[in-house]
Amino acid sequence: MHRVVSTLNKPVLRFAPSPNGYLHLGHALSALICQEWAQALDGRFLLRIEDTDLSRSRPHYTEAIYDDLAWLGLSWEEPVRIQSEHLKDFETALTQLYADGLAYPAPASRKEIARAVEQLDGETIDWPRDPDGSPHYPFGDRDRRERLDVMPEDCPIRLDMHAALEKLAVMRLPEKRMTSLTSAPETTMTDPSVWGDVLLRGRDRPATYHLAVVVDDALQGITHVVRGLDLEQATSIHRLLQELLGLPAPIYHHHRLITGKDGRKLSKSEGAKSLRSLRRAGLSAEAVRARLLDTRQS
Numbered sequence: 015m016h017r018v019v020s021t022l023n024k025p026v027l028r029f030a031p032s033p034n035g036y037l038h039l040g041h042a043l044s045a046l047i048c049q050e051w052a053q054a055l056d057g058r059f060l061l062r063i064e065d066t067d068l069s070r071s072r073p074h075y076t077e078a079i080y081d082d083l084a085w086l087g088l089s090w091e092e093p094v095r096i097q098s099e100h101l102k103d104f105e106t107a108l109t110q111l112y113a114d115g116l117a118y119p120a121p122a123s124r125k126e127i128a129r130a131v132e133q134l135d136g137e138t139i140d141w142p143r144d145p146d147g148s149p150h151y152p153f154g155d156r157d158r159r160e161r162l163d164v165m166p167e168d169c170p171i172r173l174d175m176h177a178a179l180e181k182l183a184v185m186r187l188p189e190k191r192m193t194s195l196t197s198a199p200e201t202t203m204t205d206p207s208v209w210g211d212v213l214l215r216g217r218d219r220p221a222t223y224h225l226a227v228v229v230d231d232a233l234q235g236i237t238h239v240v241r242g243l244d245l246e247q248a249t250s251i252h253r254l255l256q257e258l259l260g261l262p263a264p265i266y267h268h269h270r271l272i273t274g275k276d277g278r279k280l281s282k283s284e285g286a287k288s289l290r291s292l293r294r295a296g297l298s299a300e301a302v303r304a305r306l307l308d309t310r311q312s
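Take 15 as the starting number for the sequence shown in our numbering and just add one per residue.
Following this line, the structure appears as C-alpha cells:
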C-alpha cells in the first residue's frame, strides 16, 4: 500500500474519535494526553473522524467533536481526515488480504453466530471469545476448498487467522511500546490468535475498526499512537495487519482509563455524562483539564 510520509520529518500523533455519540471525560483525557505528547515530542497533532460505522455515525456528532475539543483548548491540523470519504483505501487493503488468501467471505449474521455459539457452549466447556468478549466465528467458511477469485461485494469478510500466522511463521509479534515521553521504545510480545478470525468488513461497515485504523495510521504517517488501556490488547491485531499489509508500526502508549462509580470505564452506550452536559452544568474547560491531567497516572 502507498503510505503518505510527513514532509516535515516530525513525530505525528492523532486523536481519532467516532461520531456515534457525544464525547465524555474519557475522550477528553485521551485527546489532552495525545496533544501533550505531540507538544513534548515537537510533533504534529492530527484529528481523524472514524465514521466507518455508517449505521451509527451522525454528522451532528462530528460537529460536536470539533466544538468540544475547541472548548477544551485543543487545536489540530487541517484538513481533518473523515474515514467515510476514503472508503476506497480500506477496500484496497481488504482486496490485498483477500488476494493473498488471508481473508474469506463469512456470510453468517449476528443472530446466526449467537445461536451457533449458544449451542456450542452447551457442548463444550467454553467456546473461545476474543478479549472484547465476542465469540470466535463458529462456522467453517475459511475451510472451503474453493473460494471466489474475486472478493464478493455484499458480504462480511473475516481475517483467516490460521493462514495469517502461517504466512508470518510466528505466533507472536514484536510490539513497540513507549512507557514515558523520555524512555526508549520497549519491545513486548503479543499473541494475535486470541482474537480468532476478526471481522474486517461487516454488512453495515465498509471497514471495521481494526482494518481502518491501521490503514489510516499508515496513510497519515502516524508515528506514535496514544490511546486508552481498553485498546491495548487490540494492538496485537493491528501489528498483525501491519505486517500482512507491509505497513510501518507506530510506537504505542496506552494510558489509564476514566472509570465510573461502578469501576467500569466510561462509555457512550452506558450513558456516561458528556462534555456538553458538564459545560451546561457550569464546569469550565480549565477545571476539566486540571481534573484530568493534574491527577492522571498515564
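We put the beta carbon where it would ideally sit given N, CA and C, even for glycine.
Nothing here was measured: the structure is a model prediction, and the numbers come from that model.
| query | result |
| --- | --- |
| GLU200 - partner residues in DSSP beta bridges | ARG191 |
| Cβ separation of SER288 and TYR36, assumed to be a contact under 8 Å, to the nearest whole Å | 4 Å |
| Among ALA221, HIS74, ARG124, VAL229, nearest to PRO33 - alpha-carbon criterion | HIS74 |
| Outcome for SER298 when other beta-carbon atoms lying within 10 angstroms are tallied against a minimum of 16 | exposed |
| Proximity to GLN97 [Cα-Cα], best of MET165, ARG253, ILE63, ALA304 | ILE63 |
| Residues near ILE265 by beta carbon distance below 8 Å, same chain, minus five either side | LYS190, ARG191, MET192, PRO199, THR237, HIS238, VAL239 |
| Contact check, LYS24 vs ARG70, beta carbons under 8 Å | no |
| Endpoints, beta strand (DSSP E) assigned at VAL240 | 238-242 |
| Coil, strand or helix - PRO220 by DSSP | coil |
| Where TYR112 falls: helix, strand or coil (DSSP) | helix |
| Proximity winner among GLY154, LEU39, THR66, relative to HIS224 (alpha-carbon distances) | THR66 |
| Assigned exposure category for ASP308 - 16 Cβ within 10 Å defines buried | exposed |
| Unbroken alpha helix (DSSP H) run spanning ARG290, endpoints | 289-294 |
| At least three beta-carbon pairs within less than 8 Å, the stretch 122-133 to the stretch 104-111 | no |
| Length at least 4, wholly inside the stretch 117-157: the alpha helix (DSSP H) runs in chain order | 124-137 |
| Option in THR196, HIS267, THR201, GLU167 with minimal Cα separation from ASP186 | Going by the sequence as given, residue 186 is Arg instead of Asp. It is THR201 whose Cα lies nearest to the Cα of ARG186. |
| Proximity below 8 Å, CB of ALA54 to CB of LEU195 | yes |
| DSSP three-state assignment for TYR36, whether helix, strand or coil | coil |
| LEU297 (DSSP reduced to helix, strand or coil) | coil |
| As assigned by DSSP and simplified to three states, the class of ILE265 | strand |
| Strand pairing of ARG172, partner residues [DSSP] | TYR118, LEU213 |
| Any chain B beta carbon closer than 8 Å to GLU189 | Although the question refers to chain B, the structure presented lacks it and comprises just one protein chain. |
| Cutoff 7 Å; reference ARG161; Cβ partners in own chain excluding five residues on either side | TYR118 |
| Residue from LEU27, ALA42, ALA226 with nearest C-alpha to HIS100 | ALA226 |
| Range covered by the alpha helix (DSSP H) that runs through ARG253 | 249-259 |
| Own chain residues within Cβ distance below 8 Å of VAL302, not counting five before or after | LEU39, ALA42, LEU86, LEU289, LEU292 |
| Sub-8 Å separation of PRO170 and PRO121 beta-carbons | yes |
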